[in-house]
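**Student:**
In my numbering, the protein residues as written are 3 to 744.
In structure tokens:
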């Protein structure tokens, strides 16, 4: 009854233990992991259990070695292209607008490219990581031909888009460079962390190569080391240099890169300038349809200091607000007059323009201008549907009421327009008729500026990216410039000349923070609702804090890297010692294993001292052909005495072999045979008990092997006869012992 209860309790405990084991352990294991990564990399899902090959300098065939650099290149190109496109998100609307002008279809082409570049980077990086994991597991690389074709395709696609950016869109690279200015300290610290993570596989690989080279050198002879195998050692050292030298050069560069790093957001707090003001770009185009009264009202609600717009003149000389040259994108011209949708907006009269709807497109999901727009309320959606094209006088009236500055781009009418050469004078006349205060007008157009100064001296003249000498000559104290060109063409000179700077177009918080740290006066933005919430520039830090983080990261990373290398070195030495001890232990066990079939012992593991303590030294050193090789190797010079009550073990029946003397053996009859035999037997038993619990075998050397194992037998025959005659050497013709060990 007690046994049944015990078994039931044991079964219950086993069931509880099975329940405690996570389910993932039952499904996934190491072999499943290796099969999975091998299938993803080489599309071979049926794998067999193989013994890992010894780690060496080569992990695959020469074809795979030649193609692996292409995989590295594709991963690097795709990651760089993805990073560049992410950092230029400030220009997504401009890119989509340019594509719309060519295709006539509005879509978030920038997000489509972002997704494409992300897929390419993820795919190539995944293949690179899978290859590294396979090398880590000791498996050979066999990249499937489909992956090879796709890898080459990734390289081609990345090269094509980088060429397009370099030739037709150089501003993207300028934005990328500015992003490095503000992100440089954080990229520096992040790069050090990445190098610490990479030091683990690098140390693993370098230590393994060092172990491989050491083992090969240890097994080589002097001639092989100098002549034959020198190329293998050279190859191992070359791989070590190719892997280790770039790693240490990069980490050393990262340790010293802050010495040459400049970031505007690394400065003392008391030197930080005031927060830049905002000009609403076409109003607030994320909150209402651009260049409509709703959009300008939303911009004023969010605290802008000025309103920015674009002005065209109708065919009947009425200035109105419109950004595009035609009416396709922001009006319902396709519904009203499809055949005239591509005609310039300046060729339409105001009576026709005033009937077009300028807000329905904004509430349609397929025509949203920005992907990160917040959803509108129902009241705002209804208000947006009712928006019309406003006149310039409507904007001036609102600005005068709210005391906001107005800045606008004045577009020249196309040829054959009635106001082709007098459009500036017409616009100045409209502004003066609106009764707006003249200092609220930021006059930007350079055409016919002399007339404007004479007719409206109160306008604030705003220049472009002119030289300081030209600005001084024209008495211009304000400039409106593209942020990309300003930071590369003398920002310090303009600040030193006390020039008021307005940047366009700034939508991203990091770019606004860069303008804030650079003491920019104002920015033109689409994203007013987000930038106005920034209370402090992003990525701002004091020089002392950055220096502290610099030294801290350098010191901690150096300690981690040294510790990782030491750990791999210590583990490799431990494995090597374990292998040596295992091989030596295995050799010793193999020497003590019983021999099944041979009837003669070819080795002499025992000494003669415990068996014949009275023999002289010269006889023990030169045994004769009739001696018995029966004693095991002596391990204890002073064996413990055996008690008198101890009885020797009796040999088993099936393991008894009788000792057969050689053919030329002649038994010697002596009067002391029985006494000497008993004494010799006791001596042998004492020696065997002192060394091992049982004796493996007791055999006489075979006549055929006697001369091979003991070449001095014939030469020492005379000494053997002398030994026999002295009765100190006794032969045992019928002595038997057990050959099995307990």
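Built from N, CA and C at the ideal position, the CB exists for glycine as well.
(1) Apart from the five residues on each side of it in sequence, which residues of its chain come closer than 6 Å, Cβ to Cβ, to residue 122?
(2) Could you spell out the range, first to last residue, of the alpha helix (DSSP H) harbouring residue 462?
(3) Compare the Cα-Cα distances from residue 1 to each of 144, 83, 294 and 140 and report the closest residue.
(4) Does residue 139 come out as helix, strand or coil in the three-state DSSP assignment?
(5) Whole angstroms is fine: what's the gap from residue 86's alpha carbon to residue 95's?
(6) Could you pull out every unbroken alpha helix (DSSP H) segment of at least 4 residues lying fully inside the segment 278 to 336, listed in chain order?
(7) Any idea what DSSP makes of residue 564, helix, strand or coil?
(8) Pair every Cβ in the segment 550 to 566 with every Cβ in the segment 302 to 310, then say whether three or more of these pairs are closer than 8 Å.
(9) Do you know offhand how far residue 572's Cα is from residue 205's?
(10) From this set, 130, 142 and 217, which residue's C-alpha is nearest residue 64's C-alpha?
(11) Is the segment 477 to 484 touching the segment 504 to 517, taking contact as three or more C-beta pairs under 8 Å?
(12) Taking the alpha-carbon positions, what's the residue 285 to residue 339 distance?
(13) What's the call for residue 147, buried or exposed, on a 16-neighbour Cβ count within 10 Å?
(14) Would DSSP call residue 108 helix, strand or coil?
(15) To the nearest angstrom, report how far apart residue 356 and residue 97 are at their CA atoms.
(16) Please determine, among 391, 446, 382 and 435, the residue with the shortest C-alpha to C-alpha distance to residue 413.
(17) What does the alpha-carbon distance come out to for the pair residue 163 and residue 540?
(18) Is it the case that the segment 184 to 193 contacts the segment 511 to 527, given that we only count it when at least three CB pairs across the two stretches are under 8 Å?
(19) For the beta strand (DSSP E) containing residue 480, name the first residue and the last one.
(20) Alpha carbon to alpha carbon, what distance is there between residue 136 and residue 236?
(21) Cα-Cα, which of 289, 198 and 161 is closest to residue 532?
(22) Kindly list the residues whose CB is nearer than 7 Å to the CB of residue 493, restricted to its own chain and excluding five residues on each side of it in sequence; keep chain order.
(23) To the nearest angstrom, how far is it from the Cα of residue 263 to the Cα of residue 390?
(24) Helix or strand or just coil, what does DSSP make of residue 258?
(25) Got a sec? Which residues, its chain only, sit under 7 Å from residue 132 by beta carbon, not counting five neighbours each side?
(26) In three-state terms, what does DSSP make of residue 450?
(27) Apart from the five residues on each side of it in sequence, which residues of its chain come closer than 6 Å, Cβ to Cβ, to residue 197?
(28) Please name the residue in 166, 360, 72 and 529 whose C-alpha comes closest to that of residue 304.
(29) Figure out for me which residue from 478, 299, 270 and 91 has the closest Cα to the Cα of residue 544.
(30) Would DSSP call residue 163 helix, strand or coil?
(31) Considering only the alpha carbon of each residue, which of 406, 350, 392 and 331 lies closest to residue 370?
(32) Quick one: residues in its chain with C-beta nearer than 6 Å to the C-beta of residue 558, no 5 flanking neighbours on either side, listed in chain order?
(33) State buried or exposed for residue 267, treating a residue as buried only when at least 16 other CB atoms are found within 10 Å of its CB.
(34) Are any of the Cβ atoms in chain B nearer than 7 Å to that of residue 501?
(35) Can you give me the C-alpha to C-alpha distance between residue 246 and residue 208, rounded to a whole angstrom?
(36) Among 522, 296, 124 and 140, whose alpha-carbon lies nearest the alpha-carbon of residue 33?
**Tutor:** Result, derived from the coordinates:
(1) If you number the chain shown from 1, residue 122 lands on position 120. Answer for residue 122: 80 and 156, listed in chain order.
(2) If you number the chain shown from 1, residue 462 lands on position 460. That residue, residue 462, is in no alpha helix (DSSP H); its beta strand (DSSP E) goes 462 to 465.
(3) A query on residue 1 cannot be resolved here, the shown segment of the chain reaching from 3 to 744 and no further.
(4) Your numbering for residue 139 matches position 137 in the chain shown. Looking at residue 139 - three-state DSSP - the assignment turns out to be coil, as it is neither helix nor strand.
(5) Stepping through the chain shown from its first residue, residue 86 is reached at position 84. Stepping through the chain shown from its first residue, residue 95 is reached at position 93. Taking the straight line from one Cα to the other gives about 16 Å.
(6) 295 to 303
(7) Walking along the chain shown from the start, residue 564 turns up at place 562. Looking at residue 564 - three-state DSSP - the assignment turns out to be helix.
(8) no
(9) Position 570 of the chain shown holds residue 572. Position 203 of the chain shown holds residue 205. Whole-angstrom Cα-Cα distance: 12 Å.
(10) Here residue 64 refers to the residue found at position 62 of the chain shown. Nearest C-alpha to residue 64: 142.
(11) yes
(12) Position 283 of the chain shown holds residue 285. Position 337 of the chain shown holds residue 339. Cα-Cα distance, rounded: 27 Å.
(13) As a first step, residue 147 must be located in the chain shown, where it is residue number 145. Result: exposed.
(14) Counting from one through the chain shown, the residue named residue 108 turns up at place 106. Looking at residue 108 - three-state DSSP - the assignment turns out to be coil, as it is neither helix nor strand.
(15) Taking the first residue of the chain shown as position 1, residue 356 is located at position 354. Taking the first residue of the chain shown as position 1, residue 97 is located at position 95. Rounded to the nearest angstrom, the two C-alpha atoms are 29 Å apart.
(16) Counting from one through the chain shown, the residue named residue 413 turns up at place 411. It is 446.
(17) Within the chain shown, the letter at position 161 stands for residue 163. Within the chain shown, the letter at position 538 stands for residue 540. Their Cα atoms are separated by approximately 31 Å.
(18) yes
(19) One-based indexing of the chain shown puts residue 480 at position 478. Start and end: 480 to 484.
(20) Within the chain shown, the letter at position 234 stands for residue 236. Within the chain shown, the letter at position 134 stands for residue 136. Computed Cα separation, rounded: 25 Å.
(21) Within the chain shown, numbered from 1, the residue matching residue 532 stands at position 530. When each option's Cα is compared against that of residue 532, the closest is 289.
(22) The residue you call residue 493 lines up with position 491 of the chain shown. For residue 493, where only same-chain residues beyond five positions count, the Cβ hits under 7 Å are 520.
(23) Here the question's residue 263 lines up with position 261 in the chain shown. Here the question's residue 390 lines up with position 388 in the chain shown. For residue 263 and residue 390, the distance between alpha carbons rounds to 51 Å.
(24) Taking the chain shown and counting its residues from 1, one reaches residue 258 at position 256. Looking at residue 258 - three-state DSSP - the assignment turns out to be helix.
(25) Within the chain shown, the letter at position 130 stands for residue 132. Taken in chain order, the residues that qualify are 39, 42 and 43.
(26) On the chain shown, residue 450 is found 448 positions in, with the first residue counted as 1. DSSP places residue 450 in coil when its eight states are reduced to three.
(27) Taking the first residue of the chain shown as 1, we reach residue 197 at position 195. Within the same chain, residue 197 has close Cβ partners 253.
(28) Position 302 of the chain shown, counted from the first residue, corresponds to residue 304. Of the candidates 166, 360, 72 and 529, the one whose C-alpha sits nearest the C-alpha of residue 304 is 529.
(29) The residue you call residue 544 lines up with position 542 of the chain shown. For residue 544, the nearest C-alpha among the options comes from 270.
(30) The residue labelled residue 163 in the question sits at position 161 within the chain shown. Helix.
(31) Translated into positions along the chain shown, residue 370 becomes position 368. Taking only the C-alpha atoms, the option nearest residue 370 is 331.
(32) For the purposes of this step, residue 558 is taken as residue 556 along the chain shown, with counting starting at 1. Contacts found: none.
(33) Position 265 of the chain shown, counted from the first residue, corresponds to residue 267. It is buried - the Cβ of residue 267 has at least 16 other Cβ atoms within 10 Å.
(34) In the structure shown, chain B cannot be found, because there is only a single protein chain.
(35) Reading the chain shown from its first residue, position 244 is the one you call residue 246. Reading the chain shown from its first residue, position 206 is the one you call residue 208. Their backbone Cα atoms lie some 7 Å apart in a straight line.
(36) Along the chain shown, read from residue 1 onward, the residue named residue 33 stands at position 31. The shortest C-alpha separation from residue 33 is found at 140.
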